[in-house]
Each structure stands twice: as structure tokens, then as C-alpha cells.
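Taking it in order: structure first as C-alpha cells, then the write-up.
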Amino acid sequence: MPQVLASATPRWYSADTSAPPPAALDKATLDKLVRTNKVVVFMKGNPQAPRCGFSNAVVQIMRMHGVQYDAHDVLQNEALRQGIKDYTDWPTIPQVFIDGEFVGGCDILLQLHQSGDLIEELKKVGIVSELLKAEEAKDTAKK
Amino acid sequence: MSQEPQYPPIETAMRKALTTQLKPIFLDVSNESPMHNTPKQAESHFRVLVVSEKFNDLTLIKRHRLVNDTIKNALQEAGFEFMHALSIEAKTPKQWQPEQEPEKSPPCLGGFGK
């Protein structure tokens, strides 16, 4: 485990039930955060080490499509975890944004991937999916 | 069949709300909590497959919101917090064949409880 550095900001521990939870991040902050890249993912853990099967599924889908994205680990930041749920009015993590628009969680991403719609959604924001490139390369080879 | 235990409270509330409000032609609710590091009889991780006419004109995300909200309101009324994990398949009758099995959830990676 990485060492936690001493910090001036108060830290809350689950054992201290009387302590108020940290304030959820506000809308203005999240408006910016969801647009730091064409694709932004809020997940548990990070893409190198997802801490939840559903977050991992999203990471694998993004990898298959060769998408470069920003990932935020909600386990590192309780204000972010609550803030993003309030922001989207969506109860679970992971949450995926494309071009600042909330697309959905793991189930929706999986279905968009399976139906081929994810390739189209990525195309709209100027990302060419690796799966599409592979498909096109195969077609060219056939001709 | 052996003696069936009474439905656990959260699952019961979910089933009731989904049945009465979405009038599904097929509903499958599975408690996947045992796949995760949870105490016995935990009701923390669920997967639902709902097939309903109500989804006909809704986008994927709106269908999921409808399921989420239906469950959220029912649990709130019953005095429960929203569960830790909920996986949703929301299909229209046209998109569903009776022999179709619900999807499986990915394996737990140990982040639960964090």
C-alpha cells in the first residue's frame, strides 16, 4: 500500500460514525471533470488495477477499441464517489462519459460494444476504434 | 422441493416493485452477493433481467434509469439503502426469446467494502 502523506485536509474514517461525510463535489467541478478528455471513466481502482469486476469490464472494452481515456478512481476520493452519483443521478460505478455526455455503466457499455454501436459513438467524437480498423484491414486484404 | 426460505426483504421489495410497475412478461432477479466477499444472506449484489413493453420506446439509458428508479424508490419506502451493485438487462419483448439465459456478471476483484 502506498504511504498516506500527512495532509492539512481532515480525513474521515468509517469508524467515526459521528463525523459528517465529506461534501460531494459540486456540479461546476464535475462539468469540467467529465470533459477533460473525449472519453472519461469513473471507476473503482485504475485501468492498470481495477478493483471491481464491472470497472474491469469497462477497462477491457476500452482496451479492445484502443480508446485513450481519462480514468478517475472513486475509491481514492469519497467526495468524487458521491459527487458523480449525484451528478448523473445514477446509483452505481463505473460511469462512462463520451464528449461530456453520460453514456451509462458497465451493462450499457457492454451492450453498446456487442451491438457495434460503440464504434459509432466513438466515431462521432473522432475516435476510430481499433476493432473497426481491424475489420477494414480484413476487408482490404480480401479484395 | 425442500423448504423454501421466505424471500429476503430487499429481493422481495425489488420483485414487487418491478412486477407491479413495469408489468414484465419476464423477470429474473438473482442475488449475486455470494460471488463477492459478503456475509451469509447478504443482499448487496443483484442482477435483474426485465422484459417489458414499457421499454418499447425508450433508449437503453432510459430503460436502465427506469429500472434503477423503480428499485430505488421501492427500497427507500421499505427503509433500505440502494444496494452496492445492480446489473441490469432491460429488453423489449421483441428483443427477448424465452430460452435466453440472463448474462453473467464479471468476477469480483475484491473492491467491495471499500
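From first to last, the protein sequence lines are chains A and B. Counting in full-length UniProt numbering, the first sequence runs from 1 upward without gaps. Counting in full-length UniProt numbering, the second sequence runs from 1 upward without gaps. Every residue gets a Cβ at the ideal spot worked out from N, C-alpha and C, and that includes glycine.
Distances from the CA of A/VAL40 to each of A/LYS133, A/ILE84 and A/GLU136 were compared; the closest alpha carbon is that of A/ILE84.
Contact between A/ASP107 and B/SER30 does not hold, since their C-beta atoms are separated by about 14 Å, which reaches or exceeds 8 Å.
A Cβ of chain A is located within less than 8 Å of the beta carbon of B/ALA85.
Here DSSP, grouped into helix, strand and coil, assigns B/LEU86 to strand. Contact with chain A is absent for B/PRO102, since none of that chain's Cβ atoms lies less than 8 Å from the residue's Cβ. Listed by position along chain A, the residues whose Cβ is nearer than 9 Å to that of B/ILE88 are GLY105, ASP107 and ILE108. Between A/PHE54 and chain B, the shortest Cβ-Cβ separation is below 8 Å. As for any alpha helix (DSSP H) of minimum length 4 sitting wholly inside the UniProt domain "Glutaredoxin" (39-103) of chain A, the runs are 53-65 and 78-88, ordered along the chain. B/ASN68 counts as buried, since at least 16 other C-beta atoms from the protein chains shown sit within 10 angstroms of its C-beta. Here B/HIS64 carries a helix assignment [DSSP, helix/strand/coil]. Near chain B, meaning a CB-to-CB distance below 7 Å, the residues of the region 36-68 of chain A are LYS44, GLY45, PRO50, ARG51, CYS52, GLY53, PHE54, ASN56 and ALA57. Residue state for B/LYS23 is assigned as coil, using DSSP reduced to three classes. Boundaries of the alpha helix (DSSP H) harbouring A/LEU132: 130-142, taken from the DSSP string. A straight-line Cα-Cα distance of about 38 Å links A/GLU130 and B/THR38.
Residues of the region 34-67 of chain B with a Cβ closer than 8 Å to any Cβ of chain A, in chain order: LEU60, ILE61, HIS64 and ARG65.
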